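Asks: Got a structure here, written out as structure tokens. Questions coming.
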Amino acid sequence: MNNDDTSSPKKGNHFRRYLEYAVALIASYDGKEPFHLYLKKYFSVNKKHGSRDRKQIVSLCYYYFRLGFGTLKAMSVEEKLVLAVFLIDEKPSPFLDTFNPTWNKNVNLAINTKLEMVKDIFDDKKIFPFREALSNEINFSGFSLSFLIQPKLFIRIRPGNRNAVFDKIKSANISFEKINDNCLSFANNERLTDILNIDKEAVIQDYNSQQTLSQLASRIRPSASGISVWDCCAASGGKSILAFDLLKNIELTVTDTRKNILKNLGERFNKTGIKNYHSFPADLAISTSTTPIKGKFFDLIIADVPCSGSGTWSRTPEQLHYFKKEHIYEYAALQKKIVTNVAKALKDKGYFLYITCSVFKEENEENVAFIKNEPGFELIERKYLKGYEMQADTLFVALFTFSKK
């Protein structure tokens with residue numbers, strides 16, 4: 001929300017219009033589609049908004065959702081938006097000065113200090129409404145506070161491209177943080193597509209998503225004959241590309257319920273250099289949908305299963321307001337069906353990698369207990385990759401080995 005022009009009184013009216021547009025958008029949104037798609041449709045119809053206008057309006061809307069259920073008394077949407085700017089922004093701005101000069105003077109204080117200033121009207125412990133479903137391994141206070149902090153943008157540099165990527169970023173004078181040799185983080189709004197050959201040189205991928213296959217590196221050695229891998233819920237293909245880069249020579253099979261997703265995946269694979277792979281649509285909640293691979297068995301099955309996505313809600317904070325508790329059970333039941341059906345395609349001594357981007361124990365720990373009871377499965381390791389500690393997503397991974405008896 002930062003804007004350096006404070007000289008004109010007309011700007012105050014401009015900020016009030018931003019507020020009015022944000023309020024109207026929030027009021028008309030029903031949560032039936034991702035908020036970013038809703039905004040895209042709105043701006044495609046309403047061409048009157050320039051790029052700066054869009055940026056300010058979008059920021060306000062997302063700031064509102066980030067408050068979750070933290071307000072302690074009845075407040076108008078306008079009041080909540082101003083409060084959100086105070087809590088989330090870190091630098092004074094003419095926007096905040098227009099509506100609350102006192103808050104604007106204190107906006108650069110530490111978040112805990114700001115929370116103390118507004119404790120009569122806001123409680124960060126109430127942001128997240130599903131505490132009873134949260135895993136005991138998640139720090140509730142830290143996770144709640146993460147909603148008031150914009151997540152970072154992460155990239156994974158692909159093998160052989162490190163020097164080229166660093167040179168391009170430095171030439172463009174873009175600020176970044178080096179997380180490790182292959183992972184860099186940026187401000188969330190950085191337009192890296194303008195300077196990098198995305199998917200060929202580097203993949204835009206959350207830090208913890210990059211870590212999901214790390215348990216396999218010391219267990220599955222590159223093989224001249226090829227490692228058979230099934231990414232059974234492939235979606236955008238991030239885990240498949242990671243497996244291709246990490247395990248080298250793989251025989252890849254990818255499935256998803258949506259044909260259009262697989263079409264997009266094929267286009268993405270073409271950029272990454274993945275040429276030889278098998279792809280088909282499959283609803284893995286139905287056992288008969290695996291018919292195209294009957295008789296084929298895999299060294300590794302990656303099950304990045306459909307889930308609540310609750311570990312990524314700091315990127316999609318509208319979910320705080322529109323997600324229903326009963327969906328947790330529905331996702332957990334779906335995950336069990338998928339696991340039961342795809343497990344039949346594991347080789348003896350094969351590996352099964354279960355992944356969610358959820359923080360709910362029913363989707364994670366309780367499903368691990370379910371998998372452990374499946375014949376032949378032995379848990380090697382399971383853990384949370386806690387993104388709320390570093391402005392990243394929080395994921396859950398569990399690695400199993402399988403023995404035919």
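In the working numbering, the protein residues as written are 1 to 405. Idealized CB from N, CA, C, for every residue including glycine. All values derive from a computational prediction rather than experimental measurement.
#1: Between Ala110, Phe147 and Pro151, which lies nearest to Ala392 when the distance is taken from Cα to Cα?
#2: Under the rule that 16 or more other beta-carbon atoms within 10 Å means buried, what is Arg219, buried or exposed?
#3: If you follow the beta strand (DSSP E) that Gly70 is part of, which residue opens it and which one closes it?
#4: Excluding the 5 residues preceding and the 5 following Leu134 in the sequence, name in chain order all residues of the same chain whose CB lies nearer than 8 angstroms to its CB.
#5: In whole angstroms, what is the alpha-carbon distance linking Ile274 and Ile241?
#6: Between the region 263-273 and the region 194-206, are three or more C-beta pairs nearer than 8 angstroms?
#7: Could you spell out the range, first to last residue, of the beta strand (DSSP E) harbouring Gly350?
#8: For the candidate residues Phe298, Val118 and Ser209, whose alpha-carbon lies nearest to that of Gly350?
#9: Runs of 3 residues minimum, wholly inside the region 216-293: which ones carry the beta strand (DSSP E) assignment?
#10: Tell me which same chain residues have a C-beta within less than 6 angstroms of the C-beta of Ile302, skipping the five on either side of it?
#11: If the criterion is Cβ atoms closer than 7 angstroms, does the pair Gly309 and Leu395 meet it?
#12: With 16 other CB atoms within 10 Å as the buried threshold, where does Pro101 fall?
#13: Thinking C-beta only, is Leu379 closer than 7 angstroms to Lys386?
#14: Enumerate in chain order the residues of its own chain whose CB-to-CB distance from Ser403 is below 8 angstroms, with the five nearest sequence positions on each side excluded.
#15: Between the region 261-268 and the region 333-343, are three or more C-beta pairs nearer than 8 angstroms?
#16: Just how far apart, CA to CA, sit Asn3 and Phe99?
#17: Got a sec? Which residues, its chain only, sit under 6 angstroms from Pro9 by beta carbon, not counting five neighbours each side?
#18: Using the C-alpha atoms, what's the distance from Ile261 back to Asp283?
#19: When burial is assigned at 16 or more other CB atoms within 10 Å of the CB, is Asp304 buried or exposed?
#20: Who does Phe99 pair with in a DSSP beta bridge?
#21: Could you confirm whether any beta carbon from chain D is found closer than 7 angstroms to the beta carbon of Ala398?
#22: Which of the three DSSP states, helix, strand or coil, is assigned to Val107?
#23: Give the straight-line distance between the Cα atoms of Tyr388 and Ile355, rounded to the nearest whole angstrom.
#24: In the DSSP assignment, find the beta strand (DSSP E) that holds Val203 and state where it starts and stops.
#25: So for Glu381, helix, strand or coil by DSSP?
#26: What three-state label does DSSP hand Asn364 in the structure shown?
#27: Alpha carbon to alpha carbon, how far is Lys248 from Gln215?
#28: From the DSSP output, read off the bridge partner residues of Ile157.
#29: Please report the residue range of the alpha helix (DSSP H) in which Asp167 lies.
#30: Between the region 154-166 and the region 112-121, can you find at least three pairs of beta-carbon atoms closer than 8 angstroms?
#31: Answer with buried or exposed for Lys80, where buried requires no fewer than 16 other C-beta atoms within 10 angstroms of its C-beta.
#32: Using the DSSP secondary-structure output, state which residues sit across from Asp304 in a beta bridge.
#33: Please look up how many angstroms separate the CB atoms of Glu116 and Leu19, rounded, as I've assumed it's under 8 angstroms.
#34: Quick check on this structure: which residue in Ser236, Asp167, Thr253 and Lys105 has the alpha carbon closest to the alpha carbon of Val342?
#35: Do the CB positions of Phe43 and Arg54 come within less than 7 angstroms of each other?
#36: I'd like to confirm the pairing. Which residues does DSSP put opposite Glu177 in its beta bridges?
Replies: Working from what's here:
#1: On the sequence shown, position 392 is the one that residue 392 refers to. Comparing Cα positions, the closest option is Pro151.
#2: Walking along the sequence shown from the start, residue 219 turns up at place 219. Arg219 is exposed by the Cβ-count criterion.
#3: Taking the first residue of the sequence shown as 1, we reach residue 70 at position 70. Segment: none, Gly70 is in no beta strand (DSSP E) and carries neither H nor E.
#4: Stepping through the sequence shown from its first residue, residue 134 is reached at position 134. Phe128, Phe140, Phe143, Val359, Phe360 and Lys361.
#5: Within the sequence shown, numbered from 1, the residue matching residue 274 stands at position 274. Within the sequence shown, numbered from 1, the residue matching residue 241 stands at position 241. Roughly 8 angstroms between the two C-alpha positions.
#6: yes
#7: As a first step, residue 350 must be located in the sequence shown, where it is residue number 350. Gly350 -> beta strand (DSSP E) spans Leu346 to Thr356.
#8: Reading the sequence shown from its first residue, position 350 is the one you call residue 350. Among Phe298, Val118 and Ser209, the Cα nearest to that of Gly350 belongs to Phe298.
#9: 227-231, 250-256 and 277-281
#10: In the sequence shown, counting from the first residue as 1, residue 302 sits at position 302. Excluding positions up to five away in sequence, the list reads Asp231, Lys239 and Leu353.
#11: Stepping through the sequence shown from its first residue, residue 309 is reached at position 309. Stepping through the sequence shown from its first residue, residue 395 is reached at position 395. Not a contact, by the Cβ cut-off of 7 angstroms.
#12: Indexing the sequence shown from 1 puts residue 101 at position 101. Exposed is the call here.
#13: Numbered from 1 along the sequence shown, position 386 holds the residue referred to as residue 386. Numbered from 1 along the sequence shown, position 379 holds the residue referred to as residue 379. No.
#14: In the sequence shown, the residue the question calls residue 403 occupies position 403. So the list reads Asp348, Lys349, Gly376 and Glu378, once near-sequence residues are dropped.
#15: no
#16: Here the question's residue 3 lines up with position 3 in the sequence shown. Here the question's residue 99 lines up with position 99 in the sequence shown. Interpretation of Asn3 is limited by its pLDDT of 47, a score under 50 that renders its predicted location unreliable; no figure is taken from the coordinates.
#17: Here residue 9 is taken as the residue at index 9 of the sequence shown, counted from 1. With a pLDDT of only 41 at Pro9, under the threshold of 50, the placement of this residue in the model should not be trusted; the figure read from the coordinates follows. For Pro9, where only same-chain residues beyond five positions count, there are no Cβ hits under 6 angstroms.
#18: Counting from one through the sequence shown, the residue named residue 283 turns up at place 283. Counting from one through the sequence shown, the residue named residue 261 turns up at place 261. Answer to the nearest angstrom: the Cα atoms are 13 angstroms apart.
#19: Working through the sequence shown from its first residue, we reach residue 304 at position 304. Buried, since its Cβ has 16 or more Cβ neighbours within 10 Å.
#20: Residue numbering aside, residue 99 sits at position 99 when the sequence shown is read from its first letter. Answer by DSSP bridge pairing: none, since Phe99 is not bridged.
#21: Absent here is chain D; the protein component of the structure consists of one chain.
#22: Working through the sequence shown from its first residue, we reach residue 107 at position 107. Here Val107 sits in coil by DSSP.
#23: Walking along the sequence shown from the start, residue 388 turns up at place 388. Walking along the sequence shown from the start, residue 355 turns up at place 355. The alpha-carbon atoms of Tyr388 and Ile355 are separated by roughly 17 angstroms.
#24: Taking the first residue of the sequence shown as position 1, residue 203 is located at position 203. Residues Ala202 to Ile204.
#25: Here residue 381 refers to the residue found at position 381 when the sequence shown is read from its first residue. Correct three-state label for Glu381: strand.
#26: Taking the sequence shown and counting its residues from 1, one reaches residue 364 at position 364. Here Asn364 sits in coil by DSSP.
#27: For the purposes of this step, residue 248 is taken as the residue at position 248 of the sequence shown. For the purposes of this step, residue 215 is taken as the residue at position 215 of the sequence shown. Rounded to the nearest angstrom, the two C-alpha atoms are 16 angstroms apart.
#28: Translated into positions along the sequence shown, residue 157 becomes position 157. Ile157 pairs with Ala202.
#29: In the sequence shown, counting from the first residue as 1, residue 167 sits at position 167. Per DSSP, Asp167 belongs to the alpha helix (DSSP H) from Arg162 to Ser171.
#30: no
#31: Translated into the one-based positions of the sequence shown, residue 80 becomes position 80. Buried, since its Cβ has 16 or more Cβ neighbours within 10 Å.
#32: The count along the sequence shown starts at 1 and reaches residue 304 at position 304. According to DSSP, Asp304 bridges with Ile355.
#33: Position 116 of the sequence shown, counted from the start, is the residue given in the question as residue 116. Position 19 of the sequence shown, counted from the start, is the residue given in the question as residue 19. No, Glu116 and Leu19 are not in contact; Cβ-Cβ is about 26 angstroms, not under 8 angstroms.
#34: In the sequence shown, counting from the first residue as 1, residue 342 sits at position 342. Nearest option by C-alpha distance: Thr253.
#35: Walking along the sequence shown from the start, residue 43 turns up at place 43. Walking along the sequence shown from the start, residue 54 turns up at place 54. Going by C-beta atoms, Phe43 is nearer than 7 angstroms to Arg54.
#36: What you label residue 177 is simply residue 177 of the sequence shown in a count that begins at 1. According to DSSP, Glu177 bridges with Ser185.
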